[in-house]
Every structure is written in C-alpha cells, then in structure tokens.
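Asks:
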Amino acid sequence: MSESTTPPPRRSALANVWHPGDHGRIGFTGPQVTLRERRDITAIQLDAQRGTTDGVGKAVAAAFGLGLPGPGRATTTGDVRALWLGPDRWLLQTATPADLEPRLRSLTEGVGGVVVDQSHGRTILRIEGAKARDTLAKSTGIDLHPRAFAENAVAQTSLFQLAVTIDRRRGTSIFDVHAMRGFAVHLYEALLDAGGEYGVRLV
Amino acid sequence: MIRIPCPHCGPRDHAEFSYAGDATKIRPADPDAATAADWHDYVYFRDNPRGPHMEYWHHTQGCRAYVKVLRDTSTHEVLAAGMPGDTLEAGR
Amino acid sequence: MIFGRVAIEQSHRLPTGGEIDRLAPLPFRFDGKAYRGYAGDTLASALLANGVTVVGRSFKYHRPRGVLSAGPEEPNALVELRGGGRKEPNSRATMIELFAGLEATSQHRWPSLALDIMELNDLASRFLVAGFYYKTFMGFPGWRFYEKRIRAAAGMGSGTVEWDPDRYEHMNTHCDVLVAGGGPSGLAAALMAGRAGARVILVEETDGLGGRLRSERETIDDKPAMGWVAKTRAELADMDEVRVLTRTTAFGCYDDNMVGALERVADHLAAPPEHMARQRLWHIRAGRVILATGAIERPLVFGGNDRPGVMLAGAVRSYLHRFAVTPGKRAVVVANNDDGYRTALDLARAGVEVMQVLDTRPAGAGAWRERAVAAGLDVMQRAAVVNAYGRMGVVGCDVATLDGHGGVGDTRYVPCDLIAASGGWSPSVHLHSHGDGKADWDDGIAAFVPGANRLGHVSVGAARGRFGLAEALSDGLKAGAEAAKACGFAIGAHPDTPITDEIATAPLKAIWSIPGPTDRTVKRFVDLQDDVTIDDIALAHREGFVSVEHLKRYTTLGMGTDQGKTSNITGHALLAEARGQPIPTVGTTRFRPPYTPVAMAAFAGAERGLHFSPVRRSAMHDWHAEHGAVFVEAGAWLRPQYYLRPGVTKAKAVMDRAIETEVRAVRSKVGLVDVSTLGKIDIQGPDAAEFLNRVYANGFKALPVGKARYGLMLREDGIVDDDGTTSRLGDTHYLMTTTTAHAAKVLADLEWYLQVVWPDLDVRVTSVTEQWAAMALAGPKAREVLAAAADHGTAVSNDALPYLGVINGSIAGVPVRLFRISFSGELGYEVNVPADWGTSVWEALIAAGEPHGITPYGMEAMGILRIEKGHVTHAELDGRITLDDVGMGRMASSKKWFVGRGMLDKPAFIDPERPKLVGLVPVDGKTRIPAGAILVADPATPPPVPKLGHVASSAYLSPTVGHPIALGFLARGRDRLGETVWAVFPLRNLSVQVKVVEPCFVDPEGSRLHV
C-alpha cells in the first residue's frame, strides 16, 4: 500500500504533439491565428431534473451571482463561465482549480440538480486572430459572423467531423472549441492544417 | 443540404442530425395490452409516402434533442419542426 | 510535327487591345511544342494567337477539332493539363488560364494529333451510328474483350493513379444574397443589395468581372462599359459585408438555398504556394439567390460544322476584344440573328477580311443589317453555309440560298479559314433547374427561359432571356433591391438605370438544321463532344426513341462532360421536328449538378489521408506507443493490438509469440489492458432504476448501491443489441458501460426512450466515456498488485471489494473508481481514472506489478482470453442473435416488461433448428479454425451443401488449453456436443473437421473469479 499523496499534474491529451512556435505560411504581419490549449480547466456539467430549472438556476445564481444562460448563450461572472449545452443542461467551467464540483453538488442536488464532472473529458482549444473565423469556417456549417454569432454565443455543432462546442468569448475573434478528449490530436492536426495558409502560432 | 430548424438551436445542417425514424409510428404504450400484431406493426411496418412525412431527427452533434420534423419527401422541404410531443402542421 | 500552317510567333495576335498583359509573355507547351502567350490569355486564346487550329480529336470518329467557344461550354478543346499526380484530363482549354510553363497535351488521338489511326472510324462511320457498338458486339461471345478495346479507342483522356500532391479544402459561409455571375446584371444586383447593408456574395466563374462586357464593344453612360465595371468593382470592394469571389463557379443549387461553388484558388499557377489550397469548395447558405448566369450561344448545324475554324460568333468577338486574337484571316459569318452582323462588323474593324455575311432569315430590314451593308460587307439573306471544307482546318465553304422548304439553291464556294456561326443564345437555366425550377419555352428567342422556381431563385438579364444591356442592368438593380428587402434591409432611392447605346435588334428566326448535300460522308453535328449527328437523331426517332430522355441515352446526346451545353436544345428541337410537335411538348431534360465538372478531390477536401476520418486515442496512448504497442483500428479508436519488446521488428512469428506471452501472463500472473474505449454512461435521476429495468432484459431494480451487474439489452425486434455492466454508485446514480462498438448507439437509444417513448421518466443520461480512462487488471496476482498500488485508506481485500463490488479509492494520489469485474475469467478489477491522470495510475500499477511479472496486453490477447471463457462480443452478437442463441435465455426476466420482450415469441426465435452458441476444437488438435467459416455436416456433399451454422470467432491457439479453439453457432448445437462437423472456407479452399464442445474452455465453474 502506497502513502496517500496529492494528485500528480494533469496530463493533456496533446502533451506529446504540442510544439509551440509558428506553423504554416507566415506573412509579413506574422501568424493570423493563435492557438492555445486551455489546460487544467474544471468543467462540470449541470442538469436540472424535470421541473427544477428555476430552483437550480436560483441556487446557482445565489452562490455564484451567475444566471444560467438560455439556448445558444454563455454567461460569465468572475472566474466561472456557464455555457448552455442543451435543454436543461449547462457546463460550468473555471480555470481556478477549485471545489466547483462538490460546491455544485451541495448547492443543487437538493433542488433537482444533477452534477457530472467532465473536466478530463474535454480538450479546450482557444483560437483567436484575424483568421480564426475563417479557419473554423472551413469545416463547420454554423454561421460565425458577428451578426449571427455574437459575443457569448455558444453552439454545439460539427467541426472536422467531430461533435464540438464552440464558445465565442469576449472580442470579435476569440473562440473556445471544446472537443472530446480522445479526438484532441485529430482536432489539433486539423486546425493546424486548416489554418496553415494564414499562419498559426502555437502558444 | 437540408436545414432543420432545431427548436433549441435554430436552423442547422442536416449533417449534424441522425435520422431517427418514422414519427407516425407510436410504440404500444401499455405492453400488457399490446398484441403480437401490434408489436409486429410497430417494429416492421413503415409507409413510404411521397409528400409530407412526419419523422424524428436526433440532433446528435448538437443539443442531443430528438426533433420532430414534418418534411416533404419529394422536395426535401421542411414544413414544420418541433419537440417530440408537438403536433405539427405545415407552415408552423 | 505536321501542323496546318507554320507557327509564326503569335501570328494571330492583334497589335493592340484586349485584357492581356503584353509585358508579361508566358512560355507554354502544347503537345510538346513550345509557344508563347501573354498573361490574361486562356490556353485556347494563346493557341489561337499562335495559329494553332487543331487542338483535339473527337470522341467517336476521331475527327480533328478546334476551339468552338470561349467559355465553360466548350465541347471540343479538351486537353490533358499538367502531368504526374497533377494531371487533369478533359480540361477545357477555354477555361485554363495561361501560366508560365504550362504543359498540355491533346486527347483522343493515337499516335499523334495529326496522324490518328482511329480516324478510320470516320471512314467507317456509316456503320458507327447510334447504338452501333451495343448492337454489334453485345451478347457476342467475347463482349468483354471487345468492350475493353472499344472503350480504350473511345477514350476521354486518361487520369492518373499518382497521389495528388495538392491541398483541397472546404469553406462554409452564410449570406443574405448570393449572386451567381459577375456580368452586368449580377454586378448591378450585388451593388443594390450591398448598398442596403446585406451580406452579399458574388461569384464569378472567370478571372475578372464584366461577363459579356469583356467581349463586346458597349458603352454605359457614354463611356466604355468596362469603366462602369471597374467603378462597380471598386464600390463593392469597399463594402465590408460584400465578398466577391472570382475564379469561382456556382456549380449546384441544393436544398434550402445551399449553393455549392468551386473556387480555383491556384489553378492559374503552375503549383499552389505552400499551405495554400489548389481548389476550395464553398458551401454557401444563402437567404436569397440571384442567378445572373448569362446565356450560351448555339452553333448552327450544317455540313462539316465541326471543322477546326468553325467557331461560335460570340466566341470570335471574345477572342477579338478580350484577348486581341483574330481566330482567322478570312472569315465567313453565318447567323439566324443580328449577332452575325455584329460579329462581321467587329471582324472587319479588326482587319479580318470578311468574305461573306450570311443571314438565314428571310429578307428584311434591320438596324444591324443596315450597318453591315453601310460598312460595305457582302450580305446575303435567306442564305447559309451548307458545307465546310478542310480536314485540319477550314479552307473554304459552300454557301447557298435557302428555299425555306428544306432545299437549297445553287452553291458557291467561298474560300475562308474562319466560319463564325450563331444559332441564337440559350439562357443558362442550369442552376435554376437544380432548384426544381421549371423551364418555359420562349419562341422569341427560341430557347427555354426560367419559369417558376420552388426555392425562390430569381434569374436576371441574359439568364432569363433579356439579352440587351439596359435590360440586364435594370433587371439586376431591381432583383438586388428586392432580395435585400426580403432579407429585412431598408432600400434607399432606386438609382436610374445607366444609359447604354444599344442598337435595336431584329428578331431571331430559329433554324435547327441547314439543308446539306446528300453525300453521306458529309456530317452535320449536333453534339460535338459526343459526335452525335443529325442522322443519329433521325435514326433514334425512326427506332422509336421519341422521348428526350430516351434520345439522350440512346445517342449519348448531351452526356459528355459538357452536359450538352451547346447541343441539347438543338437536339431536342430536331426530335420535335421529326415528331411534328412543338418543342415545349417534347420537353427538355432536367439539369443536375454540377454545372461544370468538379474534381473529386475538391469534394473530399481536407478529409483524406490521416484526416479521412477522425482517429480517437486513449489517455494512455503515448505510453502504449513508447512501450512497443502495435496499434489496430477499433472503430474510430486506435488500440494496442499487442506489444513488442524494444528492438524487436514486426513479424508474424514474433507477433504470435508476443500474444501468447500476454495470454499466459494473465492466466498465470497478472496483466494490464487499456479498456478506455468501452462506453460509459452516467445515469441519474429519481426514475433511474425503473429506466434501467425497462431497457435491460434482466432485472436491475434490486441492484444494491456499491454493486455491479452484467446486463443485456435487446432491440425492439428482440435481437440482442448490446451488453455490459452497470454499477449503482448511489441511490439514484448509476454508471452503465457499453461495448466499444455500440457506445454512441446505446446513448442515442437511451435518449430516445427518455425523450420520445417515456417522457414521464425523470432521468438524465450523459456520456462520460472521455472523462474516465479505464484499465483492467487481471490475473491471479491482481489483488496483490492493486493492494500495492492503492493509497492508504483504499482497501481491496475480498471482504472490502468482493466479486462485483464497486468502491471509490485512490491510487498515486488520484481518486479512482474500482470495479471487481472480469472479462478474462481471472480475478480482475477495472480501474476508472479521470483521464488526465490515466497514465499516472497506469504507470503506478505497472510499477506495483513489476515484482509479479505484470504484462501489458492488447486486443489479440484479450480476444483469446474471452474466447477461452466463452464470453460473447459483437463477433457473436452480430445483429441476428437472440438471448437463447447464446444460452442466456434464462437471464430475461419474466417479471417485468423490457424492450424487445414483445417480439420474443416470434416463430423464427423459437425454431428448434436455430443455430446455438457452441465451442469448436479441431479434431486433429492443431488446425486453425477460420472465423467466418461455414459449418456443414460433410464438405464432400454435392452442392448446394446445407449450412448448419458458422464460426463467429476463433483463437488460432489457446495457450491455456494448448490448441486452437473457436466459438460458433450450430443448428441444434446444444444436442450435438461431442459430435463432429466440418468448418469450411471455400474462398480459401479450407476445411477443418471440428468437434462440438461446451462454449467455455477454461474454468467453467468460475472459481478463479471469486478467490
């Protein structure tokens, strides 16, 4: 029997393939796409059982000062961001390794909340830059134009044949792409390939 | 590409969905009352109409909702879409 | 090389004018010979500038052919462009932009363009009528022999088997208004919609905007029309929401206003710059679609109308004005409309000697005719070319008056090297037709014009038969404004239509064929690409092919790569004449995408090679790779098949030894396998227990918290769907596992039942497959290893974690879930670990197991272990199998309803002859039993041999029992234990005598599980 220890560092699905630097066609203005992996994110899926949407929403609002967003939207307060994923389903994420899961359990389970940890199940890539939108548009059918997909818009859709969540962050050209962890290398390779003509900086 | 108006996500390419079958078939609600013929009909018999057809589409790469769709099989035109429990009429 | 004339450098280039850049000469080669053109040329214009008239041979008769058109409709000038992996057959010389170093070769000729042996077909052509090959050779013994040679002789260029080195990609976009076509009407439409603030995309097939204006001498507001084009282009470029895509063809309109467009990003370059796509396929989802696709000129049908040097009149003007090329020195012009006069005037102005202007219409006045006469041109009315001479290029023609009843007057020979012909213009209704659009016949222009269109597409300008410039502009402005308005944009003041200086045109008079000499060697072609003559159409009619669809298939009219752009209407009109009916009654075939050919590579886009389909990797993938794993694809997943020791190269014997070692380690010591690929579904909610009880055939209500249970799911038709274990983690919280193959399907099914069938059940389901890495520790030493690896406070004794127990624990500081379950039949545990820590825990288990000889094992060993135990997988549960078939009928609960139960009493399910699961061993104790083999009583029986069953899965060797074993399904299998049957595999000529045994070869009592 081993001595109990604290958990080791989390290992990204991209640990072996991520080579920081500039890739593809680099023009005078430098890479027009920047790609970074948002590692060590805590991401908790929160569902509301039937008829408990209001109660779960109130519990979250009271604790985090955060309204659970409606379809296709995200909300942020402080360090916690809530994304709409589907009917009565949200993803709450934070970059601060915190006790988000147990807190959500104690806050919402009594009022109908269903809490599932997905922190390790998703790889999140942040893509930004003048050509971020065009890079994504090479394989998703949703309309990423700011008129149709403004700040804090969220879509569950298809990207490079994968089911992904695209989250438009503050600013006109910052997107977080969530994909299943097992497909992380495929997503990474496909984004590098699609962004090659614009130049991609891996941070 | 057919565009299917998901009641949650708005219009999306049909490639995000999986076809999930004929929505006019109702599964026997009370299994004790269902006869072998009822099951046989539910499992095996499907009409193949030309024109408006009620069907289910699963938004597998989106919000995971099953969407009821009234679609014209001769033109691919989606006439209406809603939740599984909705009664759909063309133009709504 | 023998060419018609000696090539003087750019002998046919005008000294001034055109859109070419004389400061940028470009060298190129055609059929190995060096030439020079200019930037701005197409291959066709550059060849014509160099006096090259013959550019290919025809498809069937191998007649020399020249350039007919100046656009996408070209039927003749098809060449093989580039070489190696970049070779593209059937490239239209009229659409290939010239670049330095371009190499192209002619097609359909052997051994050379000038000397083509298959030209004998032309002499034998009286036998080569429509349907000849099939009538003559098919059904003959040896049709297959002839077919190969006939097809080779026909030849449509040759492709390449080399890997295409270039990138292709897709691009998706959305817009309010899509305008297809960058001519005057399209530009006007885009301008209006853009000014209103709409998101506009304008696609233009060629390299520049202007459409027909590039090829004519027109004015707008008293200035050259191209000045207006430049001004409009600049205004569009300043609009943020307007995107103009040149070199882009809208090739198809699909459902819900999805328009497919092909952008030739780098086709005008020798090779694409690094990282750039060669072609980009656009998926454009548009609110409104405006079709400004223009019109295509029709040839006239007369004797020898396929001779090199016979050209469409509009194309002649394109070469004069856009490319500064005179396609000939002495021209005859023939037309059934005023474009003949327009062309003759332009030719004369360019210094070409116009020998004769022929108007097939009855005598009459007209502004254009008056101009031509005033210019001193020799005009003949009610007259035409009846026969053109010149094998390798026109040298002259017979002209004659027409009596209007199918006869001709005296013929007169006119020497010439160019015949410019116009049979009128047909609107390009192709895209309109893709959108379910109807086509209406318009007698005024003798062509089909767009009718109603279900998708609401609006055609403007020449695309709806309005050939005047002023009409095109006003049409475009109106359509652009209306489209923007329909998308919710406010429209400002409507601008005045720009002023043009058009001359009024006299009406066209259709003439579908010009009477010709009775000499049968004189051919009058309707479809140049497919070598369909007027005689073929007459023959088809005589033989009863009177519908246009039958005509098309019988004669191949319009079935070439040009889809009959220059031939369809004429062909149908001739059929209508033969039937004595009006053309609209005979109808036109429906156009289907693509409008012009699109390379398969463009449709594939980036999804090829590595990215053909996404590959899924487990959290421990890198560890496996570093430790010699040989990977195998299992669905989307890459899984270790087996591990090679460092330095060992892959070979069959090595593989066999590696797998045996892995199996023996699990049975005698301990092994570790990555099972992350199994589907994991988190199920929570007050009705979770009831839900599971309905979807599983066996009972789940009594499962206590902290316990796992094996479960079987059926489909609605009673067939076994999937299996796996489900554990109760809390009162209302379960974790279901599924097979790797059906993980996505099972989740979709659960969602189906919850959302559609039993919406009253309050249960939430979600996939956690990716959240948890999973590994199975198995073997007699498994508990010792787990105990050594577990952190303080995690007890794994038989009491603390009994068979089918589930606990939370900690390994290497990582919170884990421990399941006492086994697929191998040995003492076993499954460890679920948050994925980012998967490798840490895996390594901790390997380290703890080292003293016990722990061995990582792969799918091959796992397969053998489970076959030894008779555990079934999708090799057995193949979508045809019932619970009874695999000996699990008793698991189905009789106390409850579950999915599939209603169908279990089907006669086919209770037929005693149904094959049942059995074990099989070779009678000789050593021969492998091939999976997929058929089980028969006696392979010597004369066919048909009754089938008794099949072999589902096979272990070439069970290291545990020392010989090959297999699982299979055998009719009355349970009654045949101890008997022998034969497993035959006729494709490999194998037959193995096998003994029928219980489907479990190791520890049938399961004593090893409970230690």
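Chains as they are written, first to last, in this note's numbering: chain A, 1 to 203; chain B, 204 to 295; chain C, 296 to 1306. For each residue, glycine too, the CB sits at the ideal point set by N, CA and C.
Looking only at its chain, what residues have a beta carbon closer than 7 Å to the beta carbon of proline 1097(C), apart from the 5 residues adjacent to it on each side?
Replies: Here the question's residue 1097(C) lines up with position 802 in the third sequence. So the list reads Arg1115, once near-sequence residues are dropped.
Asks: Going by C-alpha distance, which of Tyr222(B), Arg274(B), Thr290(B) and Ala239(B) is nearest arginine 253(B)?
Replies: For the purposes of this step, residue 253(B) is taken as residue 50 along the second sequence, with counting starting at 1. Closest by alpha carbon: Arg274(B).
Asks: Within the same chain, show all residues whose beta-carbon is closer than 6 Å to that of leucine 987(C), passing over the 5 residues directly before and after it, in chain order.
Replies: For the purposes of this step, residue 987(C) is identified with residue 692 of the third sequence, where counting begins at 1. These residues qualify, in order along the chain: Phe995.
Asks: Under a three-way DSSP split, which group does aspartate 693(C) fall into?
Replies: On the third sequence, residue 693(C) is found 398 positions in, with the first residue counted as 1. Three-state result, aspartate 693(C): strand.
Asks: Threshold first: 4 residues or longer. Then list the alpha helix (DSSP H) segments lying entirely within the region 77–114 of chain A, N to C.
Replies: 100–108
Asks: Mind pulling the chain C residues with CB within less than 7 Å of alanine 137(A)?
Replies: The count along the first sequence starts at 1 and reaches residue 137(A) at position 137. Residues of chain C passing the Cβ test: Met466, Asn467 and Thr468.
Asks: Roughly how many angstroms lie between the CA atoms of alanine 153(A) and lysine 1201(C), to the nearest whole one?
Replies: Residue numbering aside, residue 153(A) sits at position 153 when the first sequence is read from its first letter. Residue numbering aside, residue 1201(C) sits at position 906 when the third sequence is read from its first letter. So the alpha carbons of these two residues sit roughly 52 Å apart.
Asks: Does the beta carbon of leucine 191(A) sit closer than 8 Å to a beta carbon anywhere in chain B?
Replies: To locate residue 191(A), count along the first sequence from 1; it is residue 191. Not an interface residue.
Asks: Can you tell me where the beta strand (DSSP E) holding tryptophan 577(C) begins and where it ends?
Replies: Locating residue 577(C) in the third sequence gives position 282, where the first residue counts as 1. Note, tryptophan 577(C): beta strand (DSSP E), 572–586.
Asks: Take valine 560(C) and list the residues in its own chain whose beta-carbon comes closer than 8 Å to its own, dropping the five residues that flank it on each side.
Replies: For this step, residue 560(C) is matched to residue 265 along the third sequence. Same-chain partners within the cutoff: Arg542, Pro567, Met571, Ala572, Arg573, Gln574 and Arg575.
Asks: Please list the segments of the alpha helix (DSSP H) lying wholly inside the region 1005–1061 of chain C, counting only runs of 4 or more residues, in order along the chain.
Replies: 1038–1047
Asks: Please report the distance separating the alpha-carbon of alanine 1139(C) from that of glycine 1104(C).
Replies: Counted from its first residue, the third sequence places residue 1139(C) at position 844. Counted from its first residue, the third sequence places residue 1104(C) at position 809. If you take the alpha carbons of alanine 1139(C) and glycine 1104(C), they lie about 14 Å apart.
Asks: Taking just the CA atoms, how far does alanine 896(C) sit from alanine 645(C)?
Replies: As a first step, residue 645(C) must be located in the third sequence, where it is residue number 350. As a first step, residue 896(C) must be located in the third sequence, where it is residue number 601. Going by the C-alpha atoms only, they are around 43 Å apart.
Asks: Among all the DSSP beta bridges, which residues are the ones paired with isoleucine 829(C)?
Replies: Here residue 829(C) corresponds to residue number 534 of the third sequence, with the count starting at 1. DSSP output for isoleucine 829(C) lists no bridge partner at all.
Asks: Would you call the CB atoms of isoleucine 714(C) and glutamate 368(C) closer than 8 Å?
Replies: For the purposes of this step, residue 714(C) is taken as residue 419 along the third sequence, with counting starting at 1. For the purposes of this step, residue 368(C) is taken as residue 73 along the third sequence, with counting starting at 1. Their beta carbons are not under 8 Å apart, which means isoleucine 714(C) does not touch glutamate 368(C) by this criterion.
Asks: To the nearest angstrom, report how far apart tryptophan 887(C) and aspartate 461(C) are at their CA atoms.
Replies: Stepping through the third sequence from its first residue, residue 887(C) is reached at position 592. Stepping through the third sequence from its first residue, residue 461(C) is reached at position 166. Note on identity: in this sequence residue 887(C) is arginine, with tryptophan being the wrong assignment. Each residue's alpha carbon lies about 28 Å from the other.
Asks: Does the Cβ of valine 498(C) have 16 or more other Cβ atoms within 10 Å, making it buried, or fewer, making it exposed?
Replies: The residue labelled residue 498(C) in the question sits at position 203 within the third sequence. It is buried - the Cβ of valine 498(C) has at least 16 other Cβ atoms within 10 Å.
Asks: Listing by chain order, which chain B residues have their CB less than 9 Å from the CB of glutamine 93(A)?
Replies: If you number the first sequence from 1, residue 93(A) lands on position 93. Ordered by position in chain B, no residue passes the 9 Å Cβ test against glutamine 93(A), which lies about 18 Å from the chain.
Asks: Using a Cβ-Cβ cutoff of 9 Å, what residues of the region 240–255 of chain B are near chain C? List them in chain order.
Replies: Asp241, Trp242, His243, Tyr245, Val246 and Tyr247
Asks: With the cut-off set at 8 Å, would you say valine 374(C) and alanine 334(C) are in Cβ contact?
Replies: The count along the third sequence starts at 1 and reaches residue 374(C) at position 79. The count along the third sequence starts at 1 and reaches residue 334(C) at position 39. No, these two residues do not count as a Cβ contact at 8 Å.
Asks: Are there three or more Cβ pairs, one per stretch, closer than 8 Å when the region 46–63 of chain A is compared with the region 100–114 of chain A?
Replies: yes
Asks: Would you kindly work out how many angstroms separate the C-alpha atoms of serine 1302(C) and glycine 1019(C), rounded to a whole number?
Replies: Here residue 1302(C) refers to the residue found at position 1007 of the third sequence. Here residue 1019(C) refers to the residue found at position 724 of the third sequence. Answer to the nearest angstrom: the Cα atoms are 21 Å apart.
Asks: Comparing the C-beta of asparagine 16(A) with each C-beta of chain C, is any distance below 8 Å?
Replies: In the first sequence, the residue the question calls residue 16(A) occupies position 16. So yes, asparagine 16(A) belongs to the interface.
Asks: List the residues of chain C that alanine 223(B) touches, going by C-beta distances under 9 Å, in chain order.
Replies: Start at 1 with the first residue of the second sequence, and residue 223(B) comes out as number 20. Within chain C, the residues near alanine 223(B) are Ala1043, Trp1047 and Val1051.
Asks: Counting only the same chain and skipping the five closest in sequence on each side, list residues whose C-beta sits under 8 Å from that of threonine 1177(C).
Replies: Indexing the third sequence from 1 puts residue 1177(C) at position 882. So the list reads Gly1013, Ile1014, Val1015, Gly1184, Leu1199, Phe1204 and Arg1209, once near-sequence residues are dropped.
Asks: With 16 other CB atoms within 10 Å as the buried threshold, where does proline 877(C) fall?
Replies: Within the third sequence, the letter at position 582 stands for residue 877(C). Label assigned to proline 877(C): exposed.
Asks: Answer yes or no: do valine 203(A) and threonine 34(A) have a C-beta to C-beta separation smaller than 8 Å?
Replies: Here residue 203(A) refers to the residue found at position 203 of the first sequence. Here residue 34(A) refers to the residue found at position 34 of the first sequence. Cβ distance < 8 Å, so valine 203(A) and threonine 34(A) count as in contact.
Asks: In or out: glutamate 304(C) buried (at least 16 other Cβ within 10 Å) or exposed?
Replies: In the third sequence, counting from the first residue as 1, residue 304(C) sits at position 9. Classification for glutamate 304(C): exposed.
Asks: Just to confirm the assignment: which complete beta strand (DSSP E) runs, minimum length 3, are found wholly within the region 846–916 of chain C?
Replies: none
Asks: Output the distance between the C-alpha atoms of glutamine 979(C) and glutamine 1066(C), rounded to the nearest integer angstrom.
Replies: The residue labelled residue 979(C) in the question sits at position 684 within the third sequence. The residue labelled residue 1066(C) in the question sits at position 771 within the third sequence. So the two alpha carbons sit approximately 16 Å from each other.
Asks: For threonine 263(B), return the contacting residues in chain C, with the cut-off set at a CB-CB distance below 7 Å.
Replies: For the purposes of this step, residue 263(B) is taken as the residue at position 60 of the second sequence. What threonine 263(B) touches in chain C: Ala1043.
Asks: What runs of the beta strand (DSSP E), each 3 residues or longer, lie entirely inside the region 451–487 of chain C?
Replies: 462–475
Asks: Let me make sure I understand the geometry here. Which of His1087(C), Gly492(C), Leu1282(C) and Gly1174(C) has the alpha-carbon closest to that of cysteine 782(C)?
Replies: Reading the third sequence from its first residue, position 487 is the one you call residue 782(C). Ranking the options by Cα distance to cysteine 782(C), first place goes to Gly492(C).
Asks: Bridge partners for aspartate 516(C) per DSSP, in chain order?
Replies: Within the third sequence, the letter at position 221 stands for residue 516(C). Partner(s): none; aspartate 516(C) has no beta bridge.
Asks: Is arginine 749(C) close to chain B? Criterion is C-beta to C-beta, closer than 8 Å.
Replies: Reading the third sequence from its first residue, position 454 is the one you call residue 749(C). At least one chain B Cβ lies under 8 Å of arginine 749(C).
Asks: Roughly how many whole angstroms lie between the Cα atoms of histidine 727(C) and proline 1225(C)?
Replies: The residue given as residue 727(C) occupies position 432 in the third sequence. The residue given as residue 1225(C) occupies position 930 in the third sequence. Roughly 56 Å between the two C-alpha positions.
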